[in-house]
Amino acid sequence: MGNVYVLDHPLIQHKLTYIRKKSTGTKEFRELVDEVAGLMAFEITRDLPVEEITIDTPVTQAKTKTLSGKKIGLVPILRAGLGMVDGILSLIPAAKVGHVGLYRDPETLKPVEYYIKLPSDIEERELIVIDPMLATGGSANDAIHSLKKRGAKNIKLMCLIAAPEGVEVIKEEHPDVDIYLASLDEKLDEKGYIVPGLGDAGDRLFGTK
Ligand code: URA
Numbered sequence: 001m002g003n004v005y006v007l008d009h010p011l012i013q014h015k016l017t018y019i020r021k022k023s024t025g026t027k028e029f030r031e032l033v034d035e036v037a038g039l040m041a042f043e044i045t046r047d048l049p050v051e052e053i054t055i056d057t058p059v060t061q062a063k064t065k066t067l068s069g070k071k072i073g074l075v076p077i078l079r080a081g082l083g084m085v086d087g088i089l090s091l092i093p094a095a096k097v098g099h100v101g102l103y104r105d106p107e108t109l110k111p112v113e114y115y116i117k118l119p120s121d122i123e124e125r126e127l128i129v130i131d132p133m134l135a136t137g138g139s140a141n142d143a144i145h146s147l148k149k150r151g152a153k154n155i156k157l158m159c160l161i162a163a164p165e166g167v168e169v170i171k172e173e174h175p176d177v178d179i180y181l182a183s184l185d186e187k188l189d190e191k192g193y194i195v196p197g198l199g200d201a202g203d204r205l206f207g208t209k
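Residue 141 in UniProt numbering sits at position 141 of the sequence shown, with consecutive numbering throughout.
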């Protein structure tokens, strides 16, 4: 069964408070989201395998550890997911980045992928799907189905804030996917916003309305 991890590190929680504040402007919001994404990546990659190698330090030979070739892929869901990519890349610069853009057809209610571009070897990569606001869970659910259909085997989901409704959808549909959050909030309101949340993550990141 997939696990839900709320990363309650004091730095993450402190920065999240300022991300939530209505008075935080676009520049600061962007910077804080990047910083939190980096801090979250630090926790999410805690189980990456390492191997021992022998190196020469200026003093002596030493057996030290290095990442043992597990390949990472980041898959931000457009558009708000883009806001977390650079923060993660600052820690994992060799990660490849795919993109998924989708919407629900208002008539059929089926997901329509309007954009998808992925690394060619996604089946060999540990993929981190990035969806800052896990509200109903619809987009993340559809994106994860899309990745699995294309061969992805190892997927983690990273969100800033989730509503319980969204978490339930992912647990139900993708029990193999671990979910990493900075906060599990109270609920969704009648317009689909997470409460207390932070408003529209895409608009706040890109300064649109
Ligand atoms: N997407 C957002 O950006 N904010 C919400 O509260 C819900 C979905």
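Every residue, glycine too, gets a C-beta built ideally from N, C-alpha and C.
Endpoints, the beta strand (DSSP E) within which N154 is located: 154 to 162
In whole angstroms, give me the CA-to-CA distance for V169 and T108. 19 Å
Can you give me the C-alpha to C-alpha distance between P175 and Q61, rounded to a whole angstrom? 45 Å
Please report the distance separating the alpha-carbon of I194 from that of A140. 15 Å
In terms of DSSP beta bridges, what is M133 paired with? I161
Taking Cβ positions, are A201 and G98 nearer each other than 8 Å? no
Which residue's Cα is closest to the Cα of K153: G81, D131, S23, K71? K71
Classify G73: buried if its beta carbon has 16 or more other beta carbons within 10 angstroms, exposed otherwise. buried
Could you name the residues of the same chain whose beta carbon sits closer than 8 Å to that of D203, not counting the 5 residues immediately before and after it, in chain order? K209
Let me check understanding here. Comparing Cα to Cα, which of F206, S183, G207, L205 lies closest to P196? S183
Check whether the Cβ atoms of L181 and L67 lie closer than 8 Å to each other. no
Count the other CB atoms within 10 Å of the CB of residue 254; is the residue buried (16 or more) or exposed (fewer)? With the chain covering only 1 through 209, there is no way to say anything about residue 254.
For the alpha helix (DSSP H) containing S26, name the first residue and the last one. Checking the sequence, you will find Thr at residue 26 rather than Ser. 26 to 44 is the extent of the alpha helix (DSSP H) around T26.
Mind checking whether Y18 and L78 have CB atoms under 8 Å apart? no
With 16 other Cβ atoms within 10 Å as the buried cut-off, status of V167: buried
Is the beta carbon of D200 within less than 7 Å of some heavy atom of the ligand URA? yes
Tell me the residue span of the alpha helix (DSSP H) that contains T17. 10 to 20
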